[in-house]
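The structure appears right after this line, and notes come after that.
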C-alpha cells in the first residue's frame, strides 16, 4: 500500500469570494511517485481540545449544555466535506483545500465558531479516496482509512473570512412571518435601523 503523509501548513481567509471561505494549505508526502490523488476531505471540529472562558461557556450552552455536563457532551462534530484534487507529484506537494463558512446558526459549526472569543479552533482532517500511479503500468488503490491530520486554526482566520464577505454585519435567518412582524414594529416604533429594532426588543 502506498503510504501518504498529510499535514496542514497554514490557513488564510480568502478574499473576493461569493461566500466566506478559508483556504487551508494541505501538504502531501509520498515515497512513491504519484500520478494523481482524488480525495474527499472531511473536516471535523474537536471542541474538547481547548479551554473556554465565561462568556464562551454561556454561548455554548445550546450546543453542549451546561459545563457540568461537558465531560459527556463535548464531542467532535462535522464542519465540512469537500473534494480535493491533487495533481502529479514526486516526494511532496501542496494544494489548497477551500472550506466554505456560513452564518446559518442552525448549523453546529456556525454556532460553535460564533460563540468563541479568540484563541484557536481544534480541527481534524479525515481523508479518503483513490491513489493513481504508474508502476510501470497504470494502477490505482484506495487511500488508507487511517489518513488524517490535525490543525489548530487561529480563530482570527474565521473572523477574517466572515468579515471579507459581510464586513461588520451578521446574518440571521428568520421566517417571512417573523420578518413582517419586525417590519411592523420598526414602522410603529420609529426605529431608524434594524440594529435599533433588535436592541429595543432585547432590552424590554
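In this note's numbering, the protein residues as written are 1 to 204. Just so you know, even glycine gets a beta-carbon here, dropped at the ideal spot from N, CA and C. These figures come from a predicted structure and were not determined experimentally.
Contact belief for residue 56 with residue 115 at Cβ below 8 Å, rounded distance in angstroms: 6 Å
So what does DSSP say about residue 151, is it helix, strand or coil? strand
Considering Cα atoms alone, identify which of 36, 171 and 199 is closest to residue 130. 36
Whole angstroms are fine: how far does the CA of residue 104 sit from the CA of residue 13? Take the alpha-carbon of residue 13 and the one of residue 104: they are about 18 Å apart.
Rounded to the nearest angstrom, what separates residue 122 and residue 45 at their Cα positions? 6 Å
I need the DSSP call for residue 21, collapsed to helix, strand or coil. strand
Exposed unless 16 or more other CB atoms sit within 10 angstroms - verdict on residue 162: buried
Report yes or no: do three or more beta-carbon pairs, one from the segment 10 to 28 and one from the segment 162 to 171, lie closer than 8 Å? The segment 10 to 28 makes contact with the segment 162 to 171, as at least three CB pairs between them are under 8 Å.
Taking all protein chains shown into account, do 16 or more other C-beta atoms lie within 10 angstroms of the C-beta of residue 83, making it buried, or fewer, making it exposed? exposed
Could you give the DSSP three-state label for residue 158: helix, strand or coil? helix
Can you grab the Cα-Cα spacing for the pair residue 202 / residue 5, in whole Å? 51 Å
Provide the residue span of the alpha helix (DSSP H) that contains residue 57, from first to last. 54 to 59
Near residue 170, what residues of its chain come up, given a Cβ to Cβ distance below 7 Å and the 5 sequence neighbours on each side ignored? 103
Going straight from the alpha carbon of residue 143 to that of residue 52, what length do you get? 36 Å
Quickly, what does DSSP pair residue 129 with across the bridge? List them, please. According to DSSP, which records beta bridges pairwise, residue 129 is partnered with 39.
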